[in-house]
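Residue numbers (numbering that gives the first Met the number 0), protein chains in the order written: chain H, 0 to 618; chain F, 0 to 136. Think of the CB as a built atom: it goes at the ideal place given N, C-alpha and C, for glycine as much as any other residue. Please read the structure below before turning to the comments.
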Amino acid sequence: MVDAELPRPCDGNHTPSDQHRRKLIIILMAGKIRVWIIAASVVGLATLAAVSWLSFRNTEELIAANQRLAQAHKLIEDLTDLHLLLDDAESSCRGYALSGKIDYLKPYEAALAQLDVTAQVLRHDLAADSYRLSQFQELEPLVQARLGVMKDLVQARQTGGFDAAVQTLQSDRGKRLTDEIRQKISAMQTEERNDLLDRERESRERARTTILAVGLTCLLGIALLLAASIVIYRLNRRSEKDHVALQNAERIQRTILNSAAYSMISTDAVGLIQLVNAAAEKWLQYTGAELLGKNIMILHDARELHSRGEQLTRAMGMLVTGDYQALVTKARYGVADEFECTYVRKDGTRFPVLLAVTALGGRDNDLAGYLMIAADLSERHAVRKMKDEFVSVVSHELRTPLTSIKGALGLLAGGATGVLPPKAGEMANIAHSNAERLSRLVEDILDLQRIESGRITMDKRLCDVADLIKESAESVRLLAEQEGVTIVSSSCQAPVKADRERMVQAFVNLLGNAVKFSPRGGRIEFGAECRAGSVLFRVKDEGRGIPPEKLETIFERFVQVDASDAREKGGTGLGLAICRSIVEQHGGRVWAESEGGRGSTFYVQLPLAEPSMATELNA
Amino acid sequence: MPKTVLVIDDDRDIREVAKASLELVGGFMVIVAGSGTHGVAVAQEAKPDAIILDLMMPDMDGRQTLSQLRLLPETKSIPVIMLTAKVQANKQELVSEGAAGLLVKPFDPMQLPNQVCVILGWSVSREDVGRNGSAKG
């Protein structure tokens, strides 16, 4: 009736394989997107790292280049200063040599001191640059020589007077040195300026590269951000779609749940109510909120569950307590379970239901709970009652006139009223035998209806299996003799709790059939085999057998192996149905086995009486 | 002298069939009554050898009639066989209420006298259960 799966949110009419395929696609797509996101992130991060490293290096080199530029500028300036100081010192010496005034030597002396400082600064600044330092070291002796010439001039003026000074001046050594120094300084400055230009170009180049790299990185960043935004947007869209689909599925599920003409209740594994549909609320007069979290037991008849627990304990050979276990045990063991029971409304009134219980599997196939779907049987029961009453009334009304008809015909056909003309006698016989058949049919209908409606309670007492066999065989002995059939009975001795008269009726029905369908001279085996907890009765004939497709249906009302049997064999088509009803009322089972054309065997299995009761029988 | 049997049944046809069967097949003398009240009165007056009493009757039913018969001094020793539809009543209960036995409707008119004799322990031979035979006390 119900699939073992929870009515989980489903999407429209998708079949399980569709859903599976869709799920697979989603997983694959999600996987693909994840790979893309990771790849993009890695590329982005690597690019950023590379660009950052490049920018760092460029910036570092820019700073270094700037320092070098500043150094070059300073070197040019310092060389210019050196040159100017030398010029100043020379002018000052010449002024003194020509004038003889001591004041003229002041700039010379200041330049000497300054030259010293400048030379020291230059040495210091060029200490790290061996090439330039060596150039400066080539310049320094020239400067010293030039200063020596100046010093000679001053000394000549001081010691030799004006003429000595003029003589010193006229030597061109000073001029030669001055030219050499100028050339050297000029060469150094030119070289430095060229270097400066190169470095400036290089710096510009680096600055451009950095700008380009940063620009590209920005563009890449923007692109990545854009891509990420698109992905996020799409994921959001999909998630929204999924959410909407889920909501729709839930809505559909809820609609199905609430429009069903069945009460649907789900519980957790220990019987606490988790879900209730509209029909359940309406029928049971509770609101969903009142039922959620409550034990399912509040909806059931405790005594009914107790007796079901006992019944299941016997049938399943394990202890089933008379609480909610009595409802769910079969389902828990994977047995489809559908049974009639009583629901109790909030106000205490009751109604019959047909309850189907299904175990719900959880995420890891563990037990999540149970689903209980119930159909209201009130109407069906009312109809059944009406039918039973109708059948009963009709049958009773038929029976009274039938008794008279059968009696009167019996007297006529039996010759009690005098000898009839042959043709009239024949007609009376036909009428009588059909009245008898009709009478049997009415009796059987009444019988079956009374047993099935429970109007006949089985008067179960302890009986011995052997006695049941003996009494049943005795009841059909005469019929068997008439038909030339032998009944061979065997038995074991064991106690059963049974309505003796009814069980004999059931066996007589089986034996009567066996006699009717046995060939003249045939043999019927009627025996019982005592087993652990039960006894198996067996009626085996050598008749024509039962086709496999009829083995089950022959126990239904008005079903016979051959449509002509009712007419030819005088059966009503109700004997086996009555037999089954009686056996089932005893907690037993009846079935038939047959190998086509080689007779049939009917089995009746009854539970043995409990040992405590058996001693009662023996006593 | 043939035995006298009183048949009490509200259904006239059944009464007549039973009467015919008991007279023609069993050779008894049969008197009939259509109700419990009438049956008790007839029994008091005619003092039959046995009474066949239908269980289901309007007004005074078979059980009430039986208890009346058991109370009255004229009828208390007359054996009463209850006539009933199958499993309508518990045989043990009826016997404990004073019935001698149970006959099940619908009965076979050719077998009815024999069944009566068996229940009441009257001797009956195959020849007796014939058209002209009679049960012997």
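Taking only three categories from DSSP, how would you classify residue 351 of chain H? strand
Quick one: residues in its chain with C-beta nearer than 8 Å to the C-beta of residue 11 of chain F, no 5 flanking neighbours on either side, listed in chain order? 33
Under 7 Å Cβ-Cβ, which residues of chain F neighbour residue 399 of chain H? 10
Counting C-beta neighbours from all protein chains within 10 Å, is the total for residue 449 of chain H 16 or more, i.e. buried, or is it exposed? buried
Using a C-beta to C-beta distance shorter than 9 Å, which residues of chain F count as neighbours of residue 402 of chain H? 10, 12, 13, 16, 84, 104, 105 and 106
May I have the straight-line CA-CA distance separating residue 304 of chain H from residue 230 of chain H, to the nearest angstrom? 58 Å
Rounded Cβ spacing between residue 539 of chain H and residue 523 of chain H (contact assumed at less than 8 Å): 7 Å
Closer than 9 Å by beta-carbon distance: list the chain H residues that pair up with residue 24 of chain F, in chain order. 410, 413 and 415
From which residue to which residue does the beta strand (DSSP E) around residue 367 of chain H run? 366 to 375
Residues of the segment 354 to 370 of chain H in Cβ contact with chain F at a cutoff of 9 Å, in chain order, please. none
Tell me, please, whether the segment 590 to 605 of chain H touches the segment 533 to 551 of chain H by the rule of three or more beta-carbon pairs shorter than 8 Å. yes
In chain order, which alpha helix (DSSP H) runs of at least 4 residues are fully inside the segment 445 to 527 of chain H? 464 to 482 and 499 to 516
Which stretch, first to last residue, makes up the alpha helix (DSSP H) that contains residue 285 of chain H? Segment: none, residue 285 of chain H is in no alpha helix (DSSP H) and carries neither H nor E.
Look at the alpha carbon of residue 269 of chain H and the alpha carbon of residue 445 of chain H, and state the distance between them as a whole number of angstroms. 45 Å
Helix, strand or coil for residue 590 of chain H per DSSP? strand
Classification of residue 209 of chain H by the beta-carbon crowding that lies within 10 angstroms, buried from 16 upward: buried
Within 10 Å of its beta-carbon, does residue 490 of chain H have 16 or more other beta-carbons around it, so buried, or fewer, so exposed? buried
When the Cα of residue 164 of chain H is compared with those of H:211, H:400, H:99 and H:509, which residue comes out closest? H:99
So if I threshold CB-CB distances at 7 Å, which residues from the segment 421 to 441 of chain H count as touching chain F? 438
What does the alpha-carbon distance come out to for the pair residue 506 of chain H and residue 606 of chain H? 16 Å
Got a sec: is the Cβ-Cβ distance from residue 109 of chain F to anything in chain H below 8 Å? yes
If the cut is a Cβ gap below 9 Å, which residues of chain F does residue 483 of chain H touch? Residues of chain F passing the Cβ test: none, with the nearest at roughly 23 Å.
Exposed unless 16 or more other CB atoms sit within 10 angstroms - verdict on residue 458 of chain H: exposed
Determine, using beta carbons only, whether residue 68 of chain H and residue 211 of chain H come nearer to each other than 8 Å. no
So, helix, strand or coil for residue 157 of chain H, using DSSP? helix
Strictly under 8 Å for the Cβ-Cβ distance: is residue 20 of chain F near chain H by that measure? yes
In chain order, which alpha helix (DSSP H) runs of at least 4 residues are fully inside the segment 123 to 196 of chain H? 129 to 169
Delimiting residues of the beta strand (DSSP E) encompassing residue 315 of chain H: First-last for residue 315 of chain H: 301 to 315, but that is the alpha helix (DSSP H), not the beta strand (DSSP E).
Does residue 407 of chain H come within less than 8 Å of chain F when only Cβ atoms are used? yes
Would you check if the distance between the CB atom of residue 47 of chain F and the CB atom of residue 77 of chain F is smaller than 8 Å? yes
Does the segment 243 to 256 of chain H come into contact with the segment 219 to 230 of chain H, if we say contact requires no fewer than three beta-carbon pairs (one atom in each stretch) closer than 8 Å? no
Counting C-beta neighbours from all protein chains within 10 Å, is the total for residue 2 of chain F 16 or more, i.e. buried, or is it exposed? buried
What's the C-alpha gap between residue 322 of chain H and residue 237 of chain H? 47 Å
Residue 113 of chain H versus residue 166 of chain H - alpha carbon distance: 28 Å
Inter-residue Cα distance where the pair is residue 119 of chain H and residue 74 of chain H: 12 Å
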